[in-house]
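2 protein chains.
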Amino acid sequence: MTRSMRRTQAARADASANAPSGGARGVPEATVARLPLYLRALTTLAEHGVSTVSSDQLAEAAGVTSAKLRKDLSYLGSYGTRGVGYGVDFLRHQISREIGLTQDWAVALVGIGHLGHALANYSGFASRGFRVAALVDTDPAQIGQEVAGLTVQPADKLEELIKRHGIAIGVIATPARAAQGVCDRLVAGGVTSILNFAPTVLQVPDGVDVRKVDMSIELQILAYHEQRKNGAPLALTPEQAATLAEAVRG
Amino acid sequence: MTRSMRRTQAARADASANAPSGGARGVPEATVARLPLYLRALTTLAEHGVSTVSSDQLAEAAGVTSAKLRKDLSYLGSYGTRGVGYGVDFLRHQISREIGLTQDWAVALVGIGHLGHALANYSGFASRGFRVAALVDTDPAQIGQEVAGLTVQPADKLEELIKRHGIAIGVIATPARAAQGVCDRLVAGGVTSILNFAPTVLQVPDGVDVRKVDMSIELQILAYHEQRKNGAPLALTPEQAATLAEAVRG
DNA sequence: GTGACTTTGTGCATGCGTTCACAAGTAACC
DNA sequence: GGTTACTTGTGAACGCATGCACAAAGTCAC
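Residue numbers (our numbering), protein chains in the order written: chain A, 187 to 436; chain B, 187 to 436.
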């Protein structure tokens, strides 16, 4: 059978799109965000000696519906066998390649506080092809310290470290007030992908991707739903009533 | 086989299904996820002495478009003044109330490893109404230790701690293999919102919200885009070509 | 080879989220 | 009062993501 034409419409016609970091790509962004989930589920299955898996089984392991899983995988190609399922090792390799995990990614970690320490020692990075190649901090007390087998470097060495190690991804784990400065330095050094743990919005030029991880925001989202599950959703406390009255009055 | 009651992690909050008193107050999930962002921007503005802000200014500070911001805020009510903008303090209070930050949330933190330490010492929780009320671990070496002013408790005290402190939110910072067990215990104790840092999919009954924070997944998403920015997007390695040929032939 | 059975891949419909564009409302000034 | 300038709030259009349902394509037994 011939490889059916994928809609090539969005292949290269994205020039006019002003999406700074949006992926005007064949694979939808929502799908990209789930591929790592599938990959993890497949790895677990492989470790248990499973060699073939159906979309139902894999979907359950990854916590999605089977229809969604099949549609997601269909964007990568026809890697399954009808009537049988997907080959675990084969599919794992295809997804790894699609994400870009067949190569090694050198990462710079800036901000060696509590969180920085935790990240530097996190084994989940190395096992997926991410190698922390540089630890950087501005605090003189931290510089020179040995953390997770690396020596903490001063911030003014950032550009040099980025070039020396071929670092394309930077991780910011500094306090919020330092984040933008660090970000600027990373970008100046040539980093085009940033993972930001600091609770602040980063300004970056076009072509640089930023993803953020903010535990405080996640907790607040949970609190919103929690509030509506438990308490009296529409009851007003005296304080709220006063506020409302004030607002109406102007 | 029938569909089991299993439900995998997916924040769901359909208010319209059984709204008790005809609320029609459904705030879209995407909007809820941005409210904390607005809140943070407003707090920063307030600290700088700003008392009034336009949707354009606030949107820039929060990193969204002004149209999106206005639509988001319109779900909460008409809290702005046409021709003028929004009152910073007033809007701040309204959003806080909507999210549920006017009350204090007691949180249980399970897993006191590197990450657990970092979370226990994170000041961003306390400043937003989240109070870490219990630290729990299974490691005998950790139990009894003093961390961030609290004593680490054994896991079998979890239910008691939840009830004593009125804990509704649990944070899981254990290794992946321990996460589901901890999750089950939290749910059994009455927790209905869980923030999961462990790289695994949690199974929870209906009515329990799970949100996950997975740094490895975020890095992989960055890697995907990075791969397409830099390298040759369409070049095939010999290995890939062989795979493709096999697929076409097969 | 044939038929029964299994599972993928996908066209279509639906719903959610974002963007656009402008009417409605407010302030300031003459 | 009337006019001008400004900003919110929102209806409508659009695009992306999800769920459904089934034809296509494979395996297996005989």
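Cβ atoms here follow ideal geometry from the backbone N, Cα and C, with glycine treated the same way.
Query raised in the report: Should Gln406(A) be flagged as near chain B, meaning a C-beta pair shorter than 8 Å?
Result: Yes, its Cβ sits closer than 8 Å to a Cβ of chain B.
Query - Cβ-based neighbour list, Ala163(A), same chain, cut-off 6 Å, excluding 5 preceding and 5 following - result: Residue coverage of chain A in this structure runs from 187 to 436, which leaves residue 163(A) outside it and unanswerable.
Query - Closer than 8 Å at the beta carbon, the chain A residues around Ala354(B) - result: Under the 8 Å cutoff, chain A gives Glu412 and Asn416.
Query raised in the report: In three-state terms, what does DSSP make of Gln280(B)?
Result: Residue state, collapsed to three classes: helix.
Query - Anticipated Cβ contact below 8 Å, Val368(A) with Thr360(A), distance rounded - result: Right, the Cβ-Cβ distance comes to about 6 Å (below 8 Å), so this counts as a contact.
Query - contact_flag[the stretch 213-230 of chain A, the stretch 278-296 of chain A] where n(CB pairs < 8 Å) is 3 or more - result: Yes, the stretch 213-230 of chain A is in contact with the stretch 278-296 of chain A.
Report task. Report, in whole angstroms, the separation of the C-beta atoms of Arg397(A) and Ser402(B), which I expect to be a contact under 8 Å. Result -> In fact, because the Cβ distance is near 12 Å, the residues do not count as touching under 8 Å.
Report task. Measure the CB-CB distance between Val274(A) and Val357(A) and report whether it falls below 8 Å. Result -> When the beta-carbon positions are compared, Val274(A) and Val357(A) stay at least 8 Å from each other.
Requested in this report: Spatial neighbours of Asp375(A) within its chain, please: CB distance less than 6 Å, with the 5 preceding and 5 following residues excluded, ordered by chain position.
Outcome: Rather than Asp, the amino acid found at residue 375(A) in this sequence is Gly. Excluding its 5 nearest sequence neighbours in each direction, Gly375(A) has C-beta neighbours in its own chain below 6 Å: Leu344, Glu345 and Ile348, listed in chain order.
**Report entry** Span of the beta strand (DSSP E), counted from its first residue to its last, around Ile407(B)
**Finding:** From DSSP, Ile407(B) is part of no beta strand (DSSP E) but of the alpha helix (DSSP H) over Met401 to Lys415.
Report task. Please check if any C-beta of chain A sits within less than 8 Å of the C-beta of Leu255(B). Result -> For Leu255(B), the answer is no, since every Cβ of chain A falls outside 8 Å of its Cβ.
Query raised in the report: How would you write the range of the beta strand (DSSP E) that Lys257(B) sits in, first residue to last?
Result: Segment Ser252 to Leu262 is the alpha helix (DSSP H) holding Lys257(B); no beta strand (DSSP E) there.
Report task. State buried or exposed for Asn439(A), treating a residue as buried only when at least 16 other CB atoms are found within 10 Å of its CB. Result -> The requested residue 439(A) is not part of the displayed model; chain A covers only 187 to 436.
**Report entry** Stretch pair the stretch 384-398 of chain A + the stretch 313-331 of chain A: three plus CB contacts closer than 8 Å
**Finding:** Per the Cβ contact rule, the stretch 384-398 of chain A is not in contact with the stretch 313-331 of chain A (fewer than 3 Cβ pairs under 8 Å).
Query - Status (buried if at least 16 other CB within 10 Å, exposed otherwise) for Ala312(B) - result: Exposed: under 16 other Cβ atoms inside 10 Å.
Requested in this report: Establish whether the CB of Ile403(A) and some CB of chain B are separated by less than 8 Å.
Outcome: Taking a beta-carbon distance threshold of 8 Å, Ile403(A) counts as an interface residue toward chain B.
Requested in this report: For the beta strand (DSSP E) holding Pro340(B), just list the boundary residues, first then last.
Outcome: Note, Pro340(B): beta strand (DSSP E), Leu336 to Pro340.
Requested in this report: Work out the CA separation of Thr267(A) and Gly178(A) for me, nearest whole Å.
Outcome: The requested residue 178(A) is not part of the displayed model; chain A covers only 187 to 436.
Query raised in the report: Are Val239(A) and Gly271(A) touching if we call contact CB-CB under 8 Å?
Result: In this structure, Val239(A) lies near Gly271(A), with their beta-carbon atoms less than 8 Å apart.
Query - Proximity test, Cβ basis, 8 Å: Pro222(A) and chain B - result: For Pro222(A), the nearest CB of chain B lies under 8 Å from its own CB, placing it at the interface with that chain.
Query raised in the report: Would you call the CB atoms of Thr337(A) and Ala354(A) closer than 8 Å?
Result: Not in contact: Thr337(A) and Ala354(A) (Cβ atoms no closer than 8 Å).
Query - Length of the line joining the Cα atoms of Pro340(A) and Thr324(A) - result: Take the alpha-carbon of Pro340(A) and the one of Thr324(A): they are about 6 Å apart.
Query raised in the report: Going along chain B in order, which residues have a C-beta closer than 9 Å to the C-beta of His351(A)?
Result: Chain B residues near His351(A): none, gap ~15 Å exceeds 9 Å.
Report task. Check distances from the C-beta atoms of the stretch 214-243 of chain A to those of chain B and list, in chain order, the residues that come in under 8 Å. Result -> Across the stretch 214-243 of chain A, CB contacts with chain B closer than 8 Å involve Val218, Ala219, Leu221, Pro222, Leu223, Leu225, Arg226 and Ala227, in sequence order along the chain.
Requested in this report: Could you please tell me which residues of the stretch 374-388 of chain B, in chain order, have their CB closer than 7 Å to any CB of chain A?
Outcome: Residues of the stretch 374-388 of chain B that bring their beta carbon within less than 7 Å of a beta carbon in chain A comprise Thr378, Ser379, Leu381, Pro385 and Val387, in sequence order.
Query - Coil, strand or helix - Leu221(A) by DSSP - result: Helix at Leu221(A).
Requested in this report: Identify whether Ser241(B) lies in helix, strand or coil by the three-state DSSP scheme.
Outcome: In the three-state DSSP reduction, Ser241(B) falls in the helix class (H, G or I).
Query raised in the report: Under 8 Å between the Cβ atoms of Ala384(B) and His351(B)?
Result: No. Outside cutoff.
**Report entry** is_contact[Val296(A), chain B] using C-beta, thresh 8 Å
**Finding:** Using beta-carbon distances, Val296(A) does not count as an interface residue toward chain B, since no partner is under 8 Å.
Report task. For Thr229(B), collect the residues of the same chain with a Cβ closer than 8 Å to its Cβ; drop the 5 residues on either side in sequence, then sort them by chain order. Result -> Arg278, listed in sequence order.
**Report entry** Between the CA atoms of Leu244(B) and Lys254(B) - distance to the nearest angstrom
**Finding:** Cα to Cα, the separation comes out at about 11 Å.
**Report entry** Bridge partners - Ile358(B), DSSP secondary structure assignment
**Finding:** DSSP lists Val296(B) and Asn382(B) as the beta-bridge partner residues of Ile358(B).
Query raised in the report: Around the C-beta of Thr217(A), are 16 or more other C-beta atoms found within 10 angstroms, so that it is buried, or is it exposed?
Result: The residue in question, Thr217(A), is buried, as its Cβ has 16 or more Cβ neighbours within 10 Å.
Report task. Assuming Ile380(B) and Val394(B) form a contact by the criterion Cβ under 8 Å, report the distance between their Cβ atoms to the nearest whole angstrom. Result -> Right, the Cβ-Cβ distance comes to about 7 Å (below 8 Å), so this counts as a contact.
**Report entry** Given Ser241(B) as reference, the closest of Glu233(B), Tyr265(B), His234(B) and Ala362(B) once Cα atoms are compared
**Finding:** The residue with the shortest Cα to Cα distance from Ser241(B) is Tyr265(B).
Requested in this report: Would you list the one or two residues that DSSP bridges to Ala320(A)?
Outcome: Beta-bridge pairing by DSSP links Ala320(A) to Ala294(A).
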